[in-house]
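Each residue of the sequence shown is one higher than the one before, counting from 86 in UniProt numbering. Backbone N, C-alpha and C fix where the C-beta goes; we use that ideal spot for every residue, glycine too. Everything numeric in this text was worked out from a predicted model, so none of it was measured. All remarks here apply to the structure that follows.
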Amino acid sequence: PGEQLPHDPTKKTLVVLGSGWGATSFLSKLDTTDYNVVVISPRNYFLFTPLLPSVAVGTLGPRSILQPTRYVTRHKARSVAVIEAAATEVDPENQTVTFSDTSEVQGAVSNTSIKYDYLVYAIGAETQTFNIPGVKEHACFMKELDDAERMQRRFMDCLESAAFPGQSEEEVDRLLHMVVVGGGPTGIELSGEIHDFLEEDLRSWYPELSQHIKISLVEALPSVLPMFSKKLIDYTESTFKEAKIDILTKTMVKEIKEKSVVLQGPDGVKREVPCGMVVWAAGNTLRKITRDLMAKFPEAQNNRRGIVVDEHMRMAGVPANNIFALGDCTATSYAPTAQVATQQGHYLARILRQIAKQDKIKEDIRALEQDSTEGVEVEIKKKALEKQLEKVSKLKPFEYSHQGSLAYIGSEKAIADLPFLSGNLATGGVATFLFWRSAYLSNLFSLRNRTLVASDWLKTKIFGRYVSFVL
Ligand code: FAD
Ligand code: NAD
């Protein structure tokens, strides 16, 4: 009973933690005939995060940007077990992972562990709150599908409460003040999407209220989008100015209350600003299980940003050298992006193919050594195997190839910093927006998702976004 775990005693067990960018790109390229493969993740689907802000305002439907993990695994040469559970502990000494069913409905068994020979650790990161008071209680995040749905509900609730008969002008202004915290790409894209919703739909559905809607983007640093070139930062700032989105730079959020946000501006003075909704997009931090795992190797794992890995993505300090980590849970010289996690996943699939070959040859050598037959033939066979082993033992290090940065900034405009010839091409505008759409469409993993996203864009263009949500 339960999920059948692939069990071939001649193969090693490969446990994959996560179903995000890193794990999914790894699985898509992995040759599953080499291992008994088990995937463990609290969500049984892959989420195309770049289009999450579009779901938050209803441009796209939630199902259009998710792909069930079983869609990926069912096409593999050998069956792969997919378990919907969160890993709670990794024990590198006994080579086990303990995991629990954290969903609402649980059966009689909801906690168990599994032994691994190799572990691919791709559990991503969680949203950084810096323990700022009120963030967890009152803000919406923008990381998971639930977050986008929660934001959508809250946004529409603010509108309907503002429309309640007899509401004072001051209260309408408060309810319709939307604060986005974080001037990284998530905060920028989300602000742009909220603005589009306002201009393209809400102005006609709520004509009296729409002029009260105000979007403020708060960023602690002196500028937004530090990863983009100066030209594109200026372009984004001027586009936001035209769109009447206030950018408050050098401003820190110090506290979030039920009906307001406490800001500290460049003058150091704190002020309380009334608002109806706060979306928190202030970056990433490590998950507890990652911190616990790192704490087991304090000498090698001393980077607060994440797991230290070698050039083959192996977690440093692990004596058995059999934990591979990738994506947002690692501390590398690359930014925590889907682009990096994808390339790392593809790379790791190749490495594990090579490791399977090494293991097979080592096994054959061991068998020969145990064989009591002696003679030249056995020696020749052994020499040949050792030569083969030497050949497959050389692992190429991971090399990242940056394909450029793209972000949607609203008003049907996008920005792109693309490597071009030996320099960089920085471009922004409507043509870049079309490029952005086609790039993301082609990056979606399946034809099903591409069709759903393209038809959602078309439906939104023709019929507009929904202004009623039953989620
Ligand atoms: P994730 O994709 O976050 O996957 C982590 C997986 O681990 C998930 O399946 C999760 O359910 C699972 N998990 C969590 N806890 C456990 C546990 N205890 N046990 C087992 N599994 C667990 N990057 C770009 O390059 N371009 C973009 O346009 C872009 N847009 C973005 C937009 C938004 C709104 C966000 C939030 C991020 C965006 N990113 C973008 C960044 C990108 O999404 C991340 O860098 C990427 O998701 C990292 O991949 P990952 O596999 O490390 O983690
Ligand atoms: P981020 O870390 O890039 O940006 C968070 C911002 O929040 C920072 O600029 C930080 O200064 C600010 N901040 C933190 N605390 C604050 C506070 N109390 N008050 C005010 N501002 C505060 O986070 P992100 O935008 O979620 O991006 C995370 C990763 O995902 C990045 O690597 C990013 O490149 C990637 N991503 C890429 C895209 C894209 O390429 N289009 C889109 C989204 C995310």
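Straight-line Cα distance separating residue j from residue i
| i | j | result |
| --- | --- | --- |
| PRO292 | PHE518 | 28 Å |
| ALA162 | ALA423 | 26 Å |
| TYR432 | LEU112 | 11 Å |
| ALA141 | GLY219 | 21 Å |
| LYS329 | GLN89 | 55 Å |
| LEU102 | ASP119 | 18 Å |
| LEU537 | LYS381 | 44 Å |
| SER139 | ARG155 | 25 Å |
| LEU532 | THR427 | 18 Å |
| VAL349 | PRO359 | The identity of residue 349 in the sequence shown is Gln, whereas the question assumes Val. One C-alpha to the other measures close to 14 Å. |
| GLY269 | GLY495 | 15 Å |
| THR415 | ASN369 | 11 Å |
| LYS468 | TYR130 | 46 Å |
| ARG399 | ALA108 | 15 Å |
| PHE409 | LEU204 | 6 Å |
| GLN443 | GLU322 | 54 Å |
| ASP176 | VAL182 | 6 Å |
| GLN252 | ARG259 | 11 Å |
| LEU371 | GLU254 | 42 Å |
| PRO311 | ALA420 | 12 Å |
| VAL425 | ARG435 | 16 Å |
| LYS479 | LYS445 | 15 Å |
Which listed residue (the options) has its alpha carbon closest to that of residue i
| i | options | result |
| --- | --- | --- |
| residue 558 | ASN216, ALA170 and PRO94 | No information on residue 558 is available, as it lies outside the stretch 86 to 556 that the chain covers here. |
| LYS481 | LEU503, LEU437 and ALA501 | LEU437 |
| ALA367 | THR173, GLN213, LYS544 and ASN534 | GLN213 |
| PHE215 | ARG399, VAL338 and GLY495 | VAL338 |
| SER188 | VAL303, ILE408 and ARG128 | ARG128 |
| HIS397 | VAL265, LEU283 and GLU484 | GLU484 |
| LYS466 | LEU453, THR183, SER185 and TYR201 | LEU453 |
| SER198 | ALA469, LYS315, SER185 and GLN191 | SER185 |
| LEU411 | SER110, LYS221, LYS96 and HIS92 | SER110 |
| LYS342 | VAL515, ALA434 and LYS221 | LYS221 |
| HIS487 | PHE505, LYS476, TYR493 and ASP281 | PHE505 |
| residue 573 | VAL477, LYS472, VAL461 and ASN407 | Here the chain comprises residues numbered 86 to 556, so residue 573 is not present and cannot be evaluated. |
| GLY549 | THR173, GLU459, PRO250 and TRP290 | TRP290 |
| VAL515 | VAL182, TYR320 and GLY251 | TYR320 |
| ASP331 | GLU357, ASP352, LYS299 and GLY353 | LYS299 |
| ALA166 | VAL123, VAL194, ARG389 and GLU464 | VAL123 |
| GLU340 | GLY353, GLU357 and GLN386 | GLU357 |
| TYR493 | ASP281, MET379, ASP456 and GLN386 | ASP281 |
| ASN164 | ILE547, ALA434 and THR117 | The sequence shown places Ser at residue 164, not Asn. Comparing Cα positions, the closest option is THR117. |
Beta-carbon proximity check, residue i vs residue j, cutoff 9 Å
| i | j | result |
| --- | --- | --- |
| ILE273 | VAL309 | yes |
| LEU145 | TRP542 | yes |
| MET236 | VAL157 | no |
| LEU317 | LYS335 | no |
| residue 33 | SER301 | Residue numbering for the chain in the displayed model covers 86 to 556; residue 33 lies beyond these limits and cannot be assessed. |
| ASN528 | PRO94 | no |
| VAL394 | THR417 | yes |
| LEU491 | LYS447 | no |
| GLY391 | ASP413 | yes |
| LEU137 | MET227 | yes |
| LEU275 | LEU151 | no |
| ASP202 | LEU99 | yes |
| LEU244 | VAL552 | yes |
| LYS498 | GLY143 | no |
| SER97 | ALA405 | One point to set straight first is that residue 97 is Lys, not Ser, in the sequence displayed. Cβ atoms of LYS97 and ALA405: not closer than 9 Å. |
| ASN121 | HIS160 | no |
| ALA524 | SER314 | no |
| ASP377 | GLU178 | no |
| THR375 | GLY513 | no |
| LYS470 | ASP502 | Position check: residue 470 holds Leu in this sequence, whereas Lys was assumed. Result no, Cβ atoms of LEU470 and ASP502 do not sit closer than 9 Å. |
| VAL257 | HIS297 | yes |
Minimum Cβ-Cβ distance from residue i to chain D less than 9 Å
| i | result |
| --- | --- |
| ALA516 | The structure shown contains no chain D; it holds only a single protein chain. |
Cβ-Cβ separation, residue j to residue i (assumed contact under 8 Å), whole Å
| i | j | result |
| --- | --- | --- |
| ALA247 | LEU261 | 5 Å |
| GLY267 | GLY105 | So it is not a contact: roughly 20 Å between Cβ atoms. |
| ALA207 | PRO147 | Not quite, the Cβ-Cβ distance comes to about 22 Å (not below 8 Å), so this is no contact. |
| LEU283 | VAL303 | Not quite, the Cβ-Cβ distance comes to about 18 Å (not below 8 Å), so this is no contact. |
| ARG239 | MET362 | 5 Å |
Distance cut-off 8 Å: residue i Cβ against heavy atoms of the ligand GDP
| i | result |
| --- | --- |
| GLY209 | With respect to small molecules bound, the structure shown includes the ligand FAD and the ligand NAD and not the ligand GDP. |
Note down, one range per segment and in chain order, each alpha helix (DSSP H) of at least 4 residues found wholly within the stretch 273-297.
You should have 292-295.
In chain order, each alpha helix (DSSP H) run of at least 4 residues that lies wholly inside the stretch 223-267
Under the rule that a run must span 4 or more residues, the alpha helix (DSSP H) segments found entirely inside the stretch 223-267 read 230-247 and 254-260.
Could you tell me which whole beta strand (DSSP E) segments of length 3 or greater appear in the stretch 146-225?
151-153, 165-169, 171-176, 181-185, 196-200 and 203-206, all fully within the stretch 146-225.
Every unbroken beta strand (DSSP E) within the stretch 326-353, with a cutoff of 3 residues, ordered by chain
Runs of the beta strand (DSSP E) inside the stretch 326-353: 330-333, 337-341 and 345-349.
Which complete alpha helix (DSSP H) runs does the stretch 393-471 hold, if anything under 4 residues is left out?
As far as the stretch 393-471 is concerned, its whole alpha helix (DSSP H) runs of at least 4 residues are 423-455.
Starting from the N-terminal side, write out each stretch of the alpha helix (DSSP H) that is 4 residues or longer and does not extend beyond the stretch 86-157.
The qualifying runs are 106-114 and 137-141.
Scan the stretch 466-528 and note each continuous beta strand (DSSP E) run of 3 residues or more that stays entirely inside, going in chain order.
Complete beta strand (DSSP E) runs here, min 3: 490-495, 498-505 and 508-514.
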